[in-house]
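Numbering (this note's numbering), first residue to last: 26 to 499.
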């Protein structure tokens, strides 16, 4: 299950645009892929993901409770016509999203259009027919492989869709610092009915918000099953191990009947989910959701459930809430845990860009040129006007992405400025007169006082001190 090509017309900010998402040249037929789109704000990163969500909607609309995603008025491109006296906004129709990809083993092309405010259904009937035929097979044969489908938007940590599977009427609620699992475990038997079908793994799959409550209930039910049977299932162990691998500094994952999801860390000790940092909770919620969905969809894969489950996962702002150290590893963590899944994400992070492999970066900024992914198989030719060598430093990558003074390199820039200033003074010393040397010595002393503010970098201090001593012959 994957999308190889996407063509959009009159979709949001795109008059017309085509994207390709090929596998790496050296990868096999059954491997996944990872692509990230970069560009300034309002260049279309989220719009690209929304178009992919619309394309994926042809699949999820045929699945129970996956979340409808049709074309809406918000997807229509508008054009402003302005004269000296008036201005008019005109909608550009039809809106068109065309995709080509692999659906349940069949290569197929499908189109979704918005004409006269309604999404046409005839042009994607072939995909819906394939999915509808697959559903009875999935219900009757647990060995029938079902794909993982999921969309994570920018609200994923703080917003969730309405829970239609319980008496909780809250919708779009902010995640409060409460245990990830309900302490009232007596209600679990009733709630377990909703998890009887493997297709429960598609609940809200195409909703850009996450559903932590579903993860909560799934973990609670698996823990209760372990208590009643005296041992944990393979998929329960796999989900906890997946969380452990992707949460930095994590040594073990525990599901406590009262505290809920508890993380053991080397530095912070044992922490319940609500006490984790935003970055840790972001990773835990995202990886946890992918893990329980894969386990629910393909339980017969047991400990190989992540390794063998294919699918499509969309992630907006992959770097959101993540420390740069986590940003550097998140891509490899996800692709290592789910090697057959197609990940398509967006990012503002030069650290994530630097972690990508050949042919995996999509440049959306028109100031830096366009991109043809079929010709983009190495980082040296990411796009016309954007050259990012694989060994480029973070500072070089940020500059190439159009970030002139990134926060991550602000201190580095200050240190570089001080070093340049000092070395320039020492260079002047070579041709200075006796009187000039005294003035330069005073200037150097002032700069060396500034160097002392970087006491946490002894190598920087020692280097400049050695250059000063050598220049003055001390």
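Beta carbons: idealized from backbone N, C-alpha and C, even for Gly.
Extent of the continuous alpha helix (DSSP H) to which residue i belongs
i           : result
residue 485 : 483 to 497
residue 388 : Element bounds for residue 388: not the alpha helix (DSSP H) but the beta strand (DSSP E), 386 to 388.
residue 162 : 150 to 165
residue 462 : 459 to 476
residue 375 : 375 to 380
Residue i vs residue j beta-carbon contact at 8 Å
i           : j           : result
residue 28  : residue 39  : no
residue 125 : residue 30  : yes
residue 451 : residue 487 : no
residue 170 : residue 231 : no
residue 223 : residue 324 : yes
residue 268 : residue 280 : no
residue 176 : residue 91  : no
residue 264 : residue 320 : yes
residue 69  : residue 389 : yes
residue 308 : residue 272 : yes
residue 94  : residue 104 : no
residue 475 : residue 443 : yes
residue 32  : residue 387 : no
residue 337 : residue 26  : yes
residue 492 : residue 473 : no
residue 148 : residue 132 : no
Nonlocal neighbours in the same chain, by C-beta distance under 8 Å from residue i, ignoring five residues either side
i           : result
residue 55  : 335 and 365
residue 477 : 486
residue 192 : Any reading at residue 192 must be qualified, since the residue scores a pLDDT of 47, below 50, and its modelled position is unreliable; no value is offered.
residue 160 : 87, 88 and 224
residue 459 : none
Sequence-distant residues of its chain with Cβ nearer than 6 Å to residue i (five each side left out)
i           : result
residue 380 : 353 and 356
residue 156 : 84 and 87
residue 145 : 138
residue 221 : none
residue 399 : Confidence at residue 399 is low in this model, with a pLDDT of 32, below 50, so the placement of that residue should be treated as unreliable; the coordinate-derived value is given next. For residue 399, where only same-chain residues beyond five positions count, the Cβ hits under 6 Å are 45.
residue 201 : Legend: pLDDT at residue 201 = 34, less than 50; position of this residue unreliable, no value from coordinates given.
residue 489 : 447 and 476
residue 362 : 267 and 331
residue 340 : 177 and 370
residue 205 : Because the pLDDT of residue 205 is 35, which lies under 50, any placement of that residue in the model is unreliable, and the question is left without a value.
Element boundaries [beta strand (DSSP E), containing residue i]
i           : result
residue 370 : 366 to 371
residue 27  : 27 to 36
residue 43  : 39 to 45
Residues of its chain near residue i, where Cβ-Cβ distance is below 7 Å and the 5 sequence neighbours each way are ignored
i           : result
residue 304 : 346, 347, 348 and 351
residue 374 : 344 and 352
residue 462 : 454
residue 376 : 349, 352, 353 and 419
residue 36  : 72, 76, 100, 102, 120 and 122
residue 429 : Low confidence applies here, because residue 429 scores a pLDDT of 49, under 50, leaving its location unreliable; read the following figure in that light. Counting only Cβ-Cβ distances below 7 Å, and skipping sequence neighbours, we find nothing.
residue 504 : An answer regarding residue 504 cannot be provided, because it is not within the stretch 26 to 499 covered by the chain.
residue 113 : 106
residue 210 : Its pLDDT being 37, under 50, residue 210 is placed unreliably by the model, and the measurement read from it follows with that caveat. Correct list, in chain order: 245, 249 and 282.
residue 479 : 440, 485 and 486
residue 260 : 320, 324, 327 and 330
residue 247 : 258 and 261
Strand pairing of residue i, partner residues [DSSP]
i           : result
residue 336 : 173 and 366
residue 140 : 143
Check: residue i C-beta below 7 Å from any heavy atom of the ligand PLP
i           : result
residue 497 : Absence of the ligand PLP is noted for the structure shown, with no ligands found whatsoever.
Proximity test, Cβ basis, 8 Å: residue i and chain B
i           : result
residue 489 : The question asks about chain B, but that chain is absent: this structure has only one protein chain.
Quiz prompt | Every unbroken beta strand (DSSP E) inside the region 54 to 136 [3 residues or more] | solution = 58 to 63, 102 to 107, 112 to 117 and 120 to 128
Practice problem: Please list the segments of the alpha helix (DSSP H) lying wholly inside the region 232 to 315, counting only runs of 4 or more residues, in order along the chain. | Solution: 237 to 254 and 259 to 271
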